[in-house]
Structure formats: structure tokens, C-alpha cells
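Peer 1:
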């Protein structure tokens, strides 16, 4: 069976700045992989490349056996199978919560409106947002907005979810409710690639942790090994800084 | 002191200072050496009453030109703005054409465009093309204001953060679906005030079509003024133009306020 996601020697530069310098990464179905590393190590760029929001300069990305980075691929069809949630939520402020969630299913999947609304309502209820369906994003807390953003991505029934620092823009007391949602997704078997600064969370949820440093995956393995006894000096330094900052 | 008392005090102060200011201004003007002459030639109540119905009648043509032109401008300008925002090298020729159009029609004085089209186009004597100066005046206004208004739309489109488009595209929406459902609705709401600004300009510039001979409010007031050697008809025309812009301005304020309230609404 092919991997859910496979990156082979993926390269990406912005002008002269090489952000990804040959990334090799396989994610199996139902696997949860956390990407850790300092700001600027390429975590977000990697996720954006998988979603084809950024074109890659070299290598290839394969999703369930299909190369999505070959020329002539229908990017809209690829993106429908891959959900992404951003650090800054990026909800549509001019639409109600329900409209945010049903927009893509009705437009991109041509789901009839009544069914899309029914499915959205079920999803919102599952994540404790049933009473928010007619609210507008600006009236919600950050944690609620991020949960809506997750529901919006899930409404497309993706095979793979990419989470890009989804708790970094939240007040500390709102982080837990969002992490709880992600735990539930993991328990439900969702394949996920998660960029995060929450080391405790990574240890809890990840099947595997990858340490990104300067555009390459320097070290990867089970969370207990990477987070407690990393082999690479760079990983040790990074974790030391995290511990000093009180984040582990 | 309670807020209510302070609020009332502010109103009283504002009223008093307004009355004092305008009294002083009025005294200064009415005591000017030439005031009796100015009052006779610009503010003659009899002349005003005599010319007003005719000018009001002619003003209907301004309103008509404005309404027709505005409907086309709203659509054409949006199309032009969309063309200029098309991504990728394939669309370069279209984008370049859009830029050339906007540069040209914002550069040439409106009165010149009106004169060139109004006198030039009918002279071609093409079949099935109207000879009416009013028609060509409207076409000229549409051409000029489409260029201005497309810039307003474009500023709106560019003010919507790229992350909004990224979010829409990441869900599998196409470029045009994202534009139509996510980017444009936000862009248009933001540019309603500057759009209105351009439409007030358009309302006033309908007077330029009088230059071609169409009897609109300004042309009619010129005719009346020439007949009586009295300029009061110009004041009558000015009153009509102002009377049309004020409701439009208040309407925009209301639209902006309604949008802000709705965005922060907690659903029922």
C-alpha cells in the first residue's frame, strides 16, 4: 500500500534563500507526524508546499501513490483531499460560521446546500460549536475561531490534514480546547502532519517527531526518544532552549 | 458630573460656536463693498423662483445620465480591476491593456474626452450609431470613470490579505471562486466610501455634457443667465446638485455602519 504522503528530495527557495534543502519524509495512513524546529527552519513552508500553495523547485511530493507536483496536475482536485489549518485561522470574516464551513463543499464538491449544511451542523456540534453556527468570526474567541477553521477543513472530508502552528496565535488559556480537538482527530485515525511549538503536545499525540533544521530533517523518531535523548547536537541545543523557556 | 450633562454641554458649545462663526462670516460678506451688486446678480429671489422649475426639469437629464453611466461603470470597472489582478504570465497582454486603458483615461481631461467623442463620433456618420450628443456624453463619462473606479476596486482587492485567498484556494476553490466569494465581497465593502466619492464626482461631471449642447441643468442655467443678465440660475443649479449628493453620502454612511454591525453580530 502506498504511503499517505511521501516527500522525496523536496527543495524550495525564496529568491536566494533556500528554505527547504532536500526533504525526505514518508507519512503512513493514520500516522501523526509532528514537525519541530526553530522559527525559520522551514516547517510552514513544507506544509504550504504539500498543499501546493507554494510551488516546489525540486524533488517530488506523492499523495497516496499520485505525484501531485508533476506538471498539469489539477491543483484544485489535489487540495480538496488535503486540509490545511493556519496559525492565524484565516476564517472569512464576511460570512457566518456555517457559511465558512459550507462554502467549499458547495462550490468545490457541488454538495447540495441542504446536505452541506446538515453535515456542517453535525461537525460543528461534534466540536462544541453548535450554538455558534450563525455567529460571525469576529464575535468568537481565538480558540473558537481556530476550531471553526479545523471544522471548515474537515468539511471537505480530507484524507490528510496539515496543521501549521495552530495554537501559536492563541492566548494560553485557549490552547487546550484546540489541542483537544486535534487529539480527537488523531483518535479517529486522521492522518496528520503537524508543525508545532507545543512539545508536550507533540509527545502526547505524535507517532513520530521530525526535527527540522536549516531546511533538512536532521533527526526523526518516536517522540520519547527525540524529545528526551536526541542524538544530534543541534536537536539537543534546540530542546535545551525550549526547556529553558519553560515550554517542555 | 455625569456623562449626560457633559454631552449636553458639548452640544451647547458646538451650537454656540457655529452660530458665532456663521454670524461673523455673514456680517463680513454683507458688509463687503460689492455686496449689494453681488446680491442682485447671484441671489435674486425672484429670478431664483422663475428659473428653478426649468433648471430642475433639465436636472432630470443629469440624474438620468448619472444613473445610466453609474450602472455601466460599476460593472466595467470591476471587470477591468479583475483583469488587472489576473495572475501568471499568460495574462500579461490583458494586464498591459488594462494598465494602458487606466493610464490613458485618467490622464486625459474629462472635458476633452467628452468633446472628442461628442463631436468626433457622430461625424463618422456610422450606421446604427446614435448621433445624440447626450449618448456620446454618457459614453465619455463611462470611459473616464471606469478608469478611476477600477483603481478603487483594485485598491480594495489588494487590501484583502493574501491569506484569505490562500485559505480559499487551500479548500480547493478555483481562482475565480475565491475571487467571487471571498476576495471581492470583502474588497467591495471596504471601498464603498471611496466609490461614493467617485460617484459624487460623476454626478457633478454630468454638467460637462452641457458643453456638447445637451440641455442639462448647467446648460439650462447658462441659457437663463444669458437671457436675464443675472447669475442666480447658477445658484439654483448648484442647489440641485448639492441636494442630490447629501442623501447619497448619508446612504453610504448607513451601508458602512450596517456592515460593521453585521460582522460583529452574534447570531440569533
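Chains as they are written, first to last, in the working numbering: chain L, 116 to 363; chain P, 11 to 278. Even glycine gets a Cβ: it sits at the ideal position worked out from N, Cα and C. Computed from a predicted model, the values in this text were never measured in an experiment.
1) Decide if residue 62 of chain L is buried, meaning its Cβ has at least 16 other Cβ atoms within 10 Å, or exposed.
2) Got a sec, what are the start and stop residues for the beta strand (DSSP E) residue 120 of chain L sits in?
3) Using 8 Å as the cut-off, can you tell me whether the region 73-93 of chain P makes contact with the region 198-215 of chain P, which would need three or more C-beta pairs spanning the two stretches below that distance?
4) Got a sec: is the Cβ-Cβ distance from residue 184 of chain P to anything in chain L below 8 Å?
5) Less than 8 Å between the C-beta atoms of residue 166 of chain L and residue 174 of chain P, yes or no?
6) Can you name, in chain order, every residue of its own chain whose Cβ lies under 8 Å from the Cβ of residue 353 of chain L, other than the five neighbours on each side?
7) Rounded to the nearest angstrom, what separates residue 5 of chain P and residue 318 of chain L at their Cα positions?
8) Can you give me the C-alpha to C-alpha distance between residue 160 of chain P and residue 167 of chain P, rounded to a whole angstrom?
9) For residue 66 of chain P, I'd like the list of residues in its chain whose CB is within less than 7 Å of its CB, leaving aside the five on either flank, ordered along the chain.
10) How about residue 180 of chain P: is its C-beta nearer than 8 Å to some C-beta of chain L?
11) Under 8 Å by Cβ, that's how I've got residue 268 of chain L and residue 198 of chain L pegged, so tell me the actual separation to the nearest angstrom.
12) Short of 8 Å in beta carbon distance, which residues of its chain neighbour residue 259 of chain P, apart from the five on each side in sequence? Order them along the chain.
13) Please report whether the beta-carbon of residue 280 of chain P lies at a distance below 8 Å from any beta-carbon of chain L.
14) In the structure shown, what three-state DSSP assignment does residue 172 of chain L receive?
15) If you follow the alpha helix (DSSP H) that residue 183 of chain L is in, where does it begin and where does it stop?
16) If we call anything under 8 Å between Cβ atoms a contact, is residue 270 of chain L one with residue 240 of chain L?
17) In chain P, which residues lie less than 8 Å from residue 109 of chain L when you measure between Cβ atoms?
18) Going by DSSP in three states, residue 122 of chain P sits in which element: helix, strand or coil?
19) Given a cut-off of 8 Å on the beta-carbon distance, is the pair residue 274 of chain L and residue 200 of chain L in contact?
20) Checking contacts by CB at 8 Å: is residue 273 of chain P closer than that to chain L?
21) Tell me the DSSP secondary structure of residue 356 of chain L in three-state form.
22) Buried or exposed, going by whether 16 or more other CB atoms sit within 10 Å of the CB of residue 261 of chain L?
23) Can you pull the DSSP bridge partners for residue 141 of chain L?
24) List, in order along the chain, the chain C residues whose C-beta lies closer than 7 Å to that of residue 201 of chain L?
25) Who are the near neighbours of residue 259 of chain L in its chain, counting only those whose CB is closer than 7 Å to its CB and skipping five residues on each side?
26) Consider the Cβ of residue 276 of chain L: report whether some Cβ of chain P lies at a distance smaller than 8 Å.
27) Hey, out of L:300, L:334, L:173, whose CA is closest to residue 350 of chain L's CA?
28) For residue 188 of chain P, count neighbouring Cβ atoms within 10 angstroms of its own Cβ and tell me buried if that reaches 16, exposed if not.
29) Shortest alpha-carbon distance to residue 356 of chain L belongs to which of L:314, L:301, L:173, L:202?
30) Could you confirm whether any beta carbon from chain P is found closer than 8 Å to the beta carbon of residue 254 of chain L?
31) For chain P, check one thing: does any of its Cβ atoms lie closer than 8 Å to the Cβ of residue 346 of chain L?
32) Give the straight-line distance between the Cα atoms of residue 80 of chain P and residue 152 of chain P, rounded to the nearest whole angstrom.
33) Enumerate in chain order the residues of its own chain whose CB-to-CB distance from residue 145 of chain L is below 7 Å, with the five nearest sequence positions on each side excluded.
34) Check this for me: beta carbons of residue 139 of chain L and residue 122 of chain L, under 8 Å apart or not?
35) Can you grab the Cα-Cα spacing for the pair residue 221 of chain P / residue 207 of chain L, in whole Å?
36) When we look at the beta-carbon of residue 19 of chain P and count the other beta-carbons within 10 Å, is it buried (16 or more) or exposed?
Peer 2: To lay it out plainly:
1) The question about residue 62 of chain L has no answer, for chain L in this structure spans 116 to 363.
2) Residue numbering aside, residue 120 of chain L sits at position 5 when the first chain is read from its first letter. Unbroken beta strand (DSSP E) run through residue 120 of chain L: 120-129.
3) Touching, yes.
4) Along the second chain, one-based indexing puts residue 184 of chain P at 174. Residue 184 of chain P counts as touching chain L.
5) Along the first chain, one-based indexing puts residue 166 of chain L at 51. Along the second chain, one-based indexing puts residue 174 of chain P at 164. Going by beta carbons, residue 166 of chain L and residue 174 of chain P fall outside the 8 Å limit.
6) Translated into the one-based positions of the first chain, residue 353 of chain L becomes position 238. If we look at residue 353 of chain L and ignore the five residues flanking it on each side, its Cβ neighbours are 151, 152, 153, 326, 328.
7) Past the edges of chain P, shown from 11 to 278, lies residue 5 of chain P, and the structure says nothing about it.
8) Here residue 160 of chain P corresponds to residue number 150 of the second chain, with the count starting at 1. Here residue 167 of chain P corresponds to residue number 157 of the second chain, with the count starting at 1. Just so you know, the alpha carbons of residue 160 of chain P and residue 167 of chain P end up roughly 10 Å apart.
9) On the second chain, residue 66 of chain P is found 56 positions in, with the first residue counted as 1. 250.
10) Here residue 180 of chain P is taken as the residue at index 170 of the second chain, counted from 1. So, interface residue.
11) By 1-based counting over the first chain, the position of residue 268 of chain L is 153. By 1-based counting over the first chain, the position of residue 198 of chain L is 83. That belief holds up - the Cβ atoms of residue 268 of chain L and residue 198 of chain L are roughly 3 Å apart, short of 8 Å.
12) Your numbering for residue 259 of chain P matches position 249 in the second chain. So the list reads 206, 210, once near-sequence residues are dropped.
13) Nothing about residue 280 of chain P can be reported from this structure: the residues present for chain P run from 11 to 278 only.
14) As a position in the first chain, residue 172 of chain L is number 57, starting the count at 1. DSSP, read as helix, strand or coil, puts residue 172 of chain L in coil.
15) What you label residue 183 of chain L is simply residue 68 of the first chain in a count that begins at 1. Counting along the chain, residue 183 of chain L falls outside any alpha helix (DSSP H), and DSSP gives it neither H nor E.
16) As a working mapping, residue 270 of chain L is identified with position 155 in the first chain. As a working mapping, residue 240 of chain L is identified with position 125 in the first chain. The answer is no: Cβ separation not under 8 Å.
17) Residue 109 of chain L falls outside the range modelled here, since chain L spans only 116 to 363, and no answer is possible.
18) Here residue 122 of chain P corresponds to residue number 112 of the second chain, with the count starting at 1. The answer is helix: DSSP assigns residue 122 of chain P an H, G or I state.
19) Counting from one through the first chain, the residue named residue 274 of chain L turns up at place 159. Counting from one through the first chain, the residue named residue 200 of chain L turns up at place 85. No Cβ-Cβ contact shorter than 8 Å links residue 274 of chain L with residue 200 of chain L.
20) Numbered from its first residue, the second chain carries residue 273 of chain P at position 263. So yes, residue 273 of chain P belongs to the interface.
21) Your numbering for residue 356 of chain L matches position 241 in the first chain. Residue 356 of chain L sits in a helix when the DSSP states are folded into three classes.
22) Along the first chain, read from residue 1 onward, the residue named residue 261 of chain L stands at position 146. A residue is called buried once 16 or more other Cβ atoms fall within 10 Å of its Cβ, and residue 261 of chain L is buried on that count.
23) If you number the first chain from 1, residue 141 of chain L lands on position 26. BP columns for residue 141 of chain L point to L:121.
24) Considering every chain present, this structure includes no chain C. Its protein chains are L and P.
25) Indexing the first chain from 1 puts residue 259 of chain L at position 144. Listed in chain order, the non-local C-beta contacts of residue 259 of chain L below 7 Å within the same chain comprise 244, 247, local neighbours out to five positions each way being set aside.
26) Numbered from its first residue, the first chain carries residue 276 of chain L at position 161. False, the Cβ-Cβ gap to chain P never drops below 8 Å.
27) Taking the first residue of the first chain as 1, we reach residue 350 of chain L at position 235. Nearest option by C-alpha distance: L:334.
28) Walking along the second chain from the start, residue 188 of chain P turns up at place 178. Buried, since its Cβ has 16 or more Cβ neighbours within 10 Å.
29) Indexing the first chain from 1 puts residue 356 of chain L at position 241. That would be L:314, whose Cα lies nearest to the Cα of residue 356 of chain L.
30) Here the question's residue 254 of chain L lines up with position 139 in the first chain. It does; some Cβ of chain P falls within 8 Å.
31) To locate residue 346 of chain L, count along the first chain from 1; it is residue 231. No, residue 346 of chain L does not count as interfacial toward chain P.
32) Counting from 1 along the second chain, the entry for residue 80 of chain P is found at position 70. Counting from 1 along the second chain, the entry for residue 152 of chain P is found at position 142. Our two residues, residue 80 of chain P and residue 152 of chain P, have alpha carbons roughly 7 Å apart in a direct line.
33) Position 30 of the first chain, counted from the first residue, corresponds to residue 145 of chain L. Shown here for residue 145 of chain L: same chain residues with a beta carbon closer than 7 Å to its own, the five before and five after excluded, namely 304, 306 in chain order.
34) Against the first chain, residue 139 of chain L aligns to sequence position 24. Against the first chain, residue 122 of chain L aligns to sequence position 7. Taking 8 Å as the cut-off, the Cβ atoms of residue 139 of chain L and residue 122 of chain L count as close.
35) Indexing the second chain from 1 puts residue 221 of chain P at position 211. Indexing the first chain from 1 puts residue 207 of chain L at position 92. Our two residues, residue 221 of chain P and residue 207 of chain L, have alpha carbons roughly 48 Å apart in a direct line.
36) Here the question's residue 19 of chain P lines up with position 9 in the second chain. When all chains shown are included, residue 19 of chain P counts as exposed.
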